[in-house]
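Below: the structure, in structure tokens.
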Amino acid sequence: MTTADRASLPFAGFSGGDIPDYEILNTCVQCGLCLPTCPTYRETYREQSSPRGRLHMMKGVADGQLDVLDPAFAGQMYECLDCRACEPACPSGVLYGRVLESSRIQIERAKRQRATRPRGERALRWLVFGQVFSNMRVFRTLSALARAYQRSGARRVLRASGLLRALRLEAIESQLPEMSRAFFVPRGQVYQPIGARRGRVGLLAGCIMSTAYADVHRATVRVLRRNGWEVVVPATQGCCGALHAHAGDIDRGRGLMRRNIAAFDEAGVDTVVNNAAGCGAALKEYGHLLHEEPRWADRAAAFSARVRDITELLASEPLRGTLGRVDLTVTYQEPCHLVHAQRVAAAPRALLKAIPGLRLVEMAESSLCCGSAGVYSVTQPRMSARLVERKLGHALATGARVIAGANPGCMLQLRAGLRRDHPELGGKVEVRHIIELLDRSYGVGDGG
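Under the working numbering, the first residue of the sequence shown carries the number 4, and numbering increases by one thereafter.
Below you can see the structure in the form of structure tokens.
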């Protein structure tokens, strides 16, 4: 298309950097094999709410036939969960996640350039992405306040009074994770292996994992040590930047990525290990997200090549130590960014099956998104609620006492759904990280 041709189009299309790759858009052959894998299409059966429909809209913007801030386009880019389920189903290999996130960057950039973002929304994005998830001191301070709120009795009073409902904060408050009694703060800790040394790994502490799931980190360290790994927790690491990338705030996200690369490079680790699937998927994409930065491209690619999910690492070699019996019926909820983005499906199941006494019962649609997707449960509450209700229906049909997961967002979503939609269970069904179950087995087998 010539410059003159483009000038005659009704809209300017995408502009600047981070433009959705036109070759990726053209790779889609409109076969529709992605449709049955898409959670939003499964709920709405609307073509626009499918990967194929969204790719068609992206191409419309690229060709100047649709404005980047058209409400239908922007709405669909954010109704999508970015779960990547369409990618392994696509026979043409469309890298859907890349063009989706580039489209969101374009939307946010256009809002800023045209000054169309409401003042309240600007302030909220600055607070969330510019302060809370960019500065771990701020994040931990707010997490400590949340912990105090949860343990002081104020939560019980506010819930009973109806004030949260009156202020329309009930749904958001219900998503607030239960904070750990003691946070897992990275300070450069080094934990020595038990037995013959296999190597040196760096553990990503992250944000939610280090405050709401600090006990999962401690279990992770114990399990890694029992399997011969020296564990380092670099002090200067921070948030992985996944939420920023998903929300189109890529500049702040790249700053966090560069900081993490420097922190783990300085620590001199063989492998960067994480126990949060969403974070792991982002870490493995640093190479792509920083490939246009000359000073960081090679370092980012080398960093991403060293990243492993905790289940992926542990299942790569025989487990060491004595595993004790854990007599539980368990079903496994597959995190989208582990099974679809990272293509890790067998390793979590192998670890669960290695635990004596544990009975793994597969749920239907295990890999269909639960509706968490970062901040999706807040920004798209209706669709999120429909998806978690669907997921819990399948999970409870297995008769399992424990729903095992490998991502904090999914675990928060499932726990909130159980409290809201199944109060009759009264805590009879737990949501646990796979590593917690493995650590429990080691505690029995090795005497704690």
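Ideal placement from N, C-alpha and C gives every residue a C-beta, glycine not left out.
In the structure shown, T239 falls within a coil segment according to DSSP collapsed to helix, strand and coil. With a 10 Å radius around the Cβ and a threshold of 16 neighbouring Cβ atoms, C34 comes out exposed.
Listed in chain order, the alpha helix (DSSP H) elements of length 4 or more contained wholly in the stretch 134 to 159 are 139 to 155.
Taking a 10 Å sphere around the C-beta of A15, we find fewer than 16 other C-beta atoms and assign the residue as exposed. Remark: C-beta atoms of I358 and L428 do not approach each other more closely than 8 Å. Assigned with DSSP and collapsed to three states, A303 falls in helix. Here the alpha carbons of A349 and E295 stand approximately 34 Å from one another.
For the stretch 43 to 122, the full-length alpha helix (DSSP H) segments reaching 4 residues or more read 54 to 65, 74 to 82, 89 to 92, 99 to 117 along the chain. Rounded to the nearest angstrom, the gap between the Cα atoms of R87 and C372 is 10 Å. Inter-residue distance for M182 and T214 is about 6 Å (C-alpha atoms, whole angstroms). Here DSSP, grouped into helix, strand and coil, assigns G256 to helix.
In the structure shown, E233 adopts extended strand secondary structure according to DSSP, grouped into three states. In the DSSP assignment, G202 falls within the unbroken beta strand (DSSP E) covering 202 to 206. Between G256 and the set E104, G430, A77, the nearest pair of CA atoms involves E104.
At a Cβ-Cβ threshold of 8 Å, Q345 and D312 count as neighbours. Distances from the alpha-carbon of R328 to those of G156, S444, Q68 put S444 closest. For D312, the enclosing beta strand (DSSP E) stretches over residues 310 to 312. Just so you know, the alpha carbons of M60 and I22 end up roughly 14 Å apart.
Bounds of the beta strand (DSSP E) holding N277 are 274 to 277.
Going by DSSP, E176 is part of the alpha helix (DSSP H) stretching over 173 to 177.
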